[in-house]
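The structure appears below as structure tokens.
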Amino acid sequence: MKAVIIHEHGELDKLKVEEVPEPKYTEDEVVIKVHSAGLNHLDIWVRKGRGNLNLPKPHIPGSDAAGVVVAAGSKVTNVTVGDEVIVNPGLSCGSCEYCNRGEHSECISFGIMGLTRRGTFAEQVAVPSRNVWPKPSHMNFNEAGAFVLSHLTAWRMLMTRAQLKPGQTVLIHGIGGGVALSALQLARLANAEVIVTSSSDEKLERAGQIGADHTINYRSVEDVAQNVKDITSGRGVDIIIDTVGAATWPIDFSAVRRGGKIVLCGVTSDAQAVTNLRTLYWNQLTILGSTMGSEEDLHQMIKAVTKAKLKPIIDSKAKLENIKDATGRMETGRQFGKIVIEVCR
Ligand SMILES: [Zn+2]
673 MKAVIIHEHG ELDKLKVEEV PEPKYTEDEV VIKVHSAGLN HLDIWVRKGR GNLNLPKPHI
733 PGSDAAGVVV AAGSKVTNVT VGDEVIVNPG LSCGSCEYCN RGEHSECISF GIMGLTRRGT
793 FAEQVAVPSR NVWPKPSHMN FNEAGAFVLS HLTAWRMLMT RAQLKPGQTV LIHGIGGGVA
853 LSALQLARLA NAEVIVTSSS DEKLERAGQI GADHTINYRS VEDVAQNVKD ITSGRGVDII
913 IDTVGAATWP IDFSAVRRGG KIVLCGVTSD AQAVTNLRTL YWNQLTILGS TMGSEEDLHQ
973 MIKAVTKAKL KPIIDSKAKL ENIKDATGRM ETGRQFGKIV IEVCR
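Note that the sequence shown ends on residue 1017 in the working numbering; no numbers are left out.
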């Protein structure tokens, strides 16, 4: 079968498309013929080997996927051959203190497809059966293969961690990225008032079309936090969804209201940031870290998007052979929505 292969960490030229043996699977695993696989920022970090990552090589990246089950181990009961499915990319042991509590993304051995085991940028992928869920019927394969990681992450940030209530105001940095756009869609679903930022007027206009109430071009304003204050009559927002890190962290502390919440799920800028501790305690802020989501988060998110017939925003699609160009588009921040790799077509 064909797959995207990394033999060594580095730049885009380290992404190779090669023939490799079909995956082996255990009695608790299934093999999926991958129709579509969405790109995530994680795929860039995996290829670059960020954080002294030293994966067994050759490695196959890719976390999200939708496809059809082509083989199932003898102990698998939740799906059968021929089922149209999606993958929950979060890998948990199912038996530690945190898994027993239902907090699967807090698992002591938490991993992610395409990071801690071979991923989805391949014609076939072996996946633990508990990570295989039915494909939402209102989505096509491209949509279904590109929404789980970003929508699950955004759902947990907004609903589980920040406990978003209807009518609250949410600030989302860097609209255009996967999690940011998912957060916009889900916050609107919960009747929140949403402010988004970007350096691109075009992206801001499109964000407005899909429901952002207010937009701020952070390149053309002097003080983003002051703009947020102006929009909220001096109060600040209830919740900030931060996927950026060091570049937006100081803004967060000025733009959030007293008693407000800052939720961080990743860093597309730097991981080291200065925190204004005086603002933190005096304004009684809550800082929340968030990673992917639990099975309950996933269940609730899929139920909500299915009921609303909500679909992820698709930026573009590419063949497996064009993985370098597709990844380059994301790496330079040109995308608005998910980039989908069409694998088996
Ligand atoms: Zn566990």
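Even glycine gets a Cβ: it sits at the ideal position worked out from N, Cα and C.
Would you tell me roughly how many angstroms separate the C-alpha atoms of Tyr890 and Val935, rounded to the nearest one?
Along the sequence shown, one-based indexing puts residue 890 at 218. Along the sequence shown, one-based indexing puts residue 935 at 263. The alpha-carbon atoms of Tyr890 and Val935 are separated by roughly 20 Å.
If you check the beta carbons only, do Ser781 and Gly762 fall under 8 Å apart?
Your numbering for residue 781 matches position 109 in the sequence shown. Your numbering for residue 762 matches position 90 in the sequence shown. Against a cut-off of 8 Å, the Cβ pair of Gly762 and Ser781 comes out as no contact.
Please report how far the alpha carbon of Pro1021 lies from the alpha carbon of Cys765, in whole angstroms.
Any property of residue 1021 remains undetermined from this structure, which presents the chain solely from 673 to 1017.
Determine the direct distance from the alpha carbon of Lys983 to that of Val866, and round the result to whole angstroms.
As a first step, residue 866 must be located in the sequence shown, where it is residue number 194. As a first step, residue 983 must be located in the sequence shown, where it is residue number 311. Spanning the two alpha carbons is a distance of roughly 18 Å.
Going by the beta-carbon positions, is the gap between Leu787 and Leu714 smaller than 8 Å?
Your numbering for residue 787 matches position 115 in the sequence shown. Your numbering for residue 714 matches position 42 in the sequence shown. Yes, Cβ-Cβ distance for Leu787 and Leu714 is below 8 Å.
Thinking C-beta only, is Gly848 closer than 8 Å to Thr915?
In the sequence shown, residue 915 corresponds to position 243, counting from 1. In the sequence shown, residue 848 corresponds to position 176, counting from 1. Result no, Cβ atoms of Thr915 and Gly848 do not sit closer than 8 Å.
Does the distance from the CB of Val799 to the CB of Val702 come in under 8 Å?
Your numbering for residue 799 matches position 127 in the sequence shown. Your numbering for residue 702 matches position 30 in the sequence shown. Cβ atoms of Val799 and Val702: closer than 8 Å.
Give the straight-line distance between the Cα atoms of Leu856 and Ile758, rounded to the nearest whole angstrom.
Position 184 of the sequence shown, counting from 1, holds the residue named residue 856. Position 86 of the sequence shown, counting from 1, holds the residue named residue 758. Approximately 22 Å, taken between the alpha carbons.
What is the DSSP secondary structure of Lys696, counted as helix, strand or coil?
Locating residue 696 in the sequence shown gives position 24, where the first residue counts as 1. DSSP places Lys696 in coil when its eight states are reduced to three.
Inspect the beta-carbon positions of Glu699 and Gly745 and report whether they are closer than 8 Å.
Taking the first residue of the sequence shown as 1, we reach residue 699 at position 27. Taking the first residue of the sequence shown as 1, we reach residue 745 at position 73. Contact: yes.
What first and last residue would you give for the alpha helix (DSSP H) that runs through Val977?
Counted from its first residue, the sequence shown places residue 977 at position 305. Unbroken alpha helix (DSSP H) run through Val977: 967-979.
State yes or no: is the C-beta of Ile784 nearer than 7 Å to some heavy atom of ligand 1?
Looking up residue 784 in the sequence shown gives position 112. Checking every heavy atom of ligand 1 against the Cβ of Ile784, none is found closer than 7 Å.
Under the rule that 16 or more other beta-carbon atoms within 10 Å means buried, what is Trp805, buried or exposed?
For the purposes of this step, residue 805 is taken as residue 133 along the sequence shown, with counting starting at 1. Buried: at least 16 other Cβ atoms inside 10 Å.
Between Val928 and Met829, what straight-line distance do the alpha-carbon atoms span, to the nearest angstrom?
For the purposes of this step, residue 928 is taken as the residue at position 256 of the sequence shown. For the purposes of this step, residue 829 is taken as the residue at position 157 of the sequence shown. If you take the alpha carbons of Val928 and Met829, they lie about 16 Å apart.
Are at least three pairs of beta-carbons, each pair with one atom in the region 963-983 and one in the region 999-1008, less than 8 Å apart?
Taking 8 Å as the limit for Cβ pairs, the verdict is that the region 999-1008 does not touch the region 963-983.
Out of Val820, Thr958, Lys901, point me to the one whose CA is closest to Lys975's CA.
Along the sequence shown, one-based indexing puts residue 975 at 303. The option with the nearest alpha carbon to Lys975 is Val820.
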